[in-house]
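Position one of the sequence shown corresponds to residue 0 (numbering that gives the first Met the number 0), numbered consecutively onward. All residues carry an ideal CB built from backbone N, CA and C; glycine is no exception.
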Amino acid sequence: MHSNRSKKFIFFLADIVLFYLALFLTLTIRYGSFPSKELWYIHQWPFAIIYFIWIIIFYIAGLYDIEKFISAKELRNRVFKTMLSAGLLAIMLFYLIPSLKITPRINLVTDGLIIFIFIWAWRGILFNSAIKSSKIKIFFLGADKEIDDFVKFINERPQLGYKTINDMGASDIIAVSEQAKKNLDSVQSLYELIRAGKTVMDFDKFYESVTGKIPVSLISKTWFLENLIEINKQTFEKFKRVVDIIFSIILFIPFIIVYPFATLAIKINSKGPVFYKQKRMGRNGKIFEILKFRSMVADAEKNGAEWAKENDKRITVAGNILRKTRIDELPQIWNVLRGDLSFVGPRPERPEFVGKLEKQIPHYSMRHLVRPGLSGWAQINFPYGASVEDATEKMQYDLYYIKNRSFLLEISIMLKTIMTLLSHSGR
């Protein structure tokens, strides 16, 4: 089976090779011969800084998430926008930081153009070759809407390297649902296929490896017993709490700077308090009050609790700006300091909605095993939503986070959150 992590690591290594190949070509073109050791050394470290920043930008922009692109055109458009932003940032750094000592500056421009061509061609070749290459044949044993939707997902993304077939015996991989494993005849058939050298795996594990989420409707209580061993996360949680405290203290500086301007905008735009408090459900079902800059009219919920909607008429003009810039979330650093929230975790839901969602979404209460966060795996992978269907989708991402949370995943979420902020998407 393809491993998304291993493929992304290969993409990363290939980009590093292309970066330094571009630098070698830049110096060769510029000076008419292969660069000397001295010339290479002068350029090596300043460009290493730039390349490190570019790798982060590539990651934030999703250039390592090839599986999310529907077409080569969409991918190349993203490459163009990303390289344009990365190039402009590099030019700013070289001009603002004289200690980088790159002369003439045209070397940077030449290097950026060559890298743009390399990355453009590399990603395009990668995408097209993945589509044309031989596919791993996969058979799905089980019948469910989740499986049907996933089959459609795979068929729309041939670059993933899989081909769904209807012949179990001719497949390379057999993905089995929990329900199918309860059928004794199916179990016997699978046993024989394993003896014949076929790969048989749980559907939820295959689904998770490809999509980064857990199929909530197809897992049983046994799944939680096998996958959520919280004692193994204790050291991680303690260290994470220390990091939360440090960063929340640091963020008090921008909060103090923004506070008078936000207060003025809110007061001029509408009557009512500057801050808005709302009950949310936290870790282990504990209720707490979340703190935000008020972005809606004072009597926004006079008819009772309701989900916010896109183009919500209750949002004020100033509130709309605060929401798009995420400034409305800034007071929540107080909740982080108190321990109600973390910077990363499932977004806390309102108790009024939790009761309804627990009745309609399997295992919904399990998302309260961890401390909720300002941003989360669901927020960076799924657009703004306000319905039971959307909550189900986000729940699947939340379960993935709860199962796989680690320092690397935390860093990944924080980096991708930057992209979410810049694109004004997700909520």
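Cβ separation of residue i and residue j, assumed to be a contact under 8 Å, to the nearest whole Å
{"i": "residue 140", "j": "residue 173", "result": "6 Å"}
{"i": "residue 74", "j": "residue 126", "result": "6 Å"}
{"i": "residue 346", "j": "residue 372", "result": "7 Å"}
{"i": "residue 215", "j": "residue 394", "result": "5 Å"}
{"i": "residue 110", "j": "residue 22", "result": "6 Å"}
{"i": "residue 286", "j": "residue 350", "result": "6 Å"}
{"i": "residue 290", "j": "residue 278", "result": "Rounded, the Cβ-Cβ distance is 11 Å, inconsistent with contact."}
{"i": "residue 404", "j": "residue 235", "result": "7 Å"}
{"i": "residue 121", "j": "residue 17", "result": "6 Å"}
{"i": "residue 89", "j": "residue 77", "result": "With a Cβ gap of about 18 Å, residue 89 and residue 77 do not count as contacting."}
{"i": "residue 181", "j": "residue 164", "result": "In fact, because the Cβ distance is near 24 Å, the residues do not count as touching under 8 Å."}
{"i": "residue 332", "j": "residue 254", "result": "6 Å"}
Buried/exposed call for residue i, threshold 16 Cβ in 10 Å
{"i": "residue 364", "result": "exposed"}
{"i": "residue 33", "result": "exposed"}
{"i": "residue 62", "result": "buried"}
{"i": "residue 166", "result": "exposed"}
{"i": "residue 20", "result": "exposed"}
{"i": "residue 357", "result": "exposed"}
{"i": "residue 35", "result": "exposed"}
{"i": "residue 44", "result": "exposed"}
{"i": "residue 70", "result": "exposed"}
{"i": "residue 118", "result": "buried"}
{"i": "residue 196", "result": "exposed"}
{"i": "residue 355", "result": "exposed"}
{"i": "residue 104", "result": "exposed"}
{"i": "residue 203", "result": "buried"}
{"i": "residue 170", "result": "buried"}
{"i": "residue 148", "result": "exposed"}
{"i": "residue 40", "result": "exposed"}
{"i": "residue 28", "result": "exposed"}
{"i": "residue 247", "result": "buried"}
{"i": "residue 339", "result": "buried"}
{"i": "residue 400", "result": "buried"}
{"i": "residue 330", "result": "buried"}
{"i": "residue 154", "result": "exposed"}
{"i": "residue 427", "result": "With the chain covering only 0 through 426, there is no way to say anything about residue 427."}
{"i": "residue 91", "result": "exposed"}
{"i": "residue 225", "result": "exposed"}
{"i": "residue 212", "result": "buried"}
{"i": "residue 184", "result": "exposed"}
{"i": "residue 412", "result": "buried"}
{"i": "residue 281", "result": "buried"}
{"i": "residue 179", "result": "buried"}
{"i": "residue 168", "result": "exposed"}
{"i": "residue 106", "result": "buried"}
{"i": "residue 128", "result": "exposed"}
{"i": "residue 375", "result": "buried"}
{"i": "residue 425", "result": "Any reading at residue 425 needs caution, since the residue's pLDDT is 45, under 50, leaving its predicted position unreliable; the model's value is listed next. Answer is buried; the Cβ neighbour count reaches 16."}
{"i": "residue 10", "result": "buried"}
{"i": "residue 334", "result": "buried"}
{"i": "residue 237", "result": "exposed"}
{"i": "residue 51", "result": "exposed"}
Start-to-end residues for the beta strand (DSSP E) that takes in residue i
{"i": "residue 427", "result": "Residue 427 lies beyond the residue range present for the chain, which begins at 0 and ends at 426; the question has no answer from this structure."}
{"i": "residue 326", "result": "Neither: residue 326 is in no beta strand (DSSP E) and is coded neither H nor E."}
{"i": "residue 250", "result": "That residue, residue 250, is in no beta strand (DSSP E); it is neither H nor E in DSSP."}
{"i": "residue 343", "result": "341-343"}
{"i": "residue 372", "result": "372-374"}
Those residues which DSSP pairs with residue i across a bridge
{"i": "residue 196", "result": "Paired residue(s): none; residue 196 is not in a bridge."}
{"i": "residue 295", "result": "314"}
{"i": "residue 174", "result": "139 and 200"}
Boundaries (first-last residue) of the alpha helix (DSSP H) holding residue i
{"i": "residue 225", "result": "220-226"}
{"i": "residue 470", "result": "The displayed coordinates of the chain run from 0 to 426. Any statement about residue 470 would go beyond what the structure contains."}
{"i": "residue 353", "result": "350-359"}
{"i": "residue 91", "result": "71-95"}
{"i": "residue 388", "result": "387-403"}
{"i": "residue 60", "result": "36-60"}
{"i": "residue 335", "result": "332-337"}
Closer than 7 Å: residue i CB and nearest the ligand PLP heavy atom
{"i": "residue 135", "result": "For the ligand PLP, the structure offers nothing, since it holds no ligand at all."}
Legend entry - Residue ranges of each alpha helix (DSSP H) within the segment 114-172, 4 or longer: 144-154
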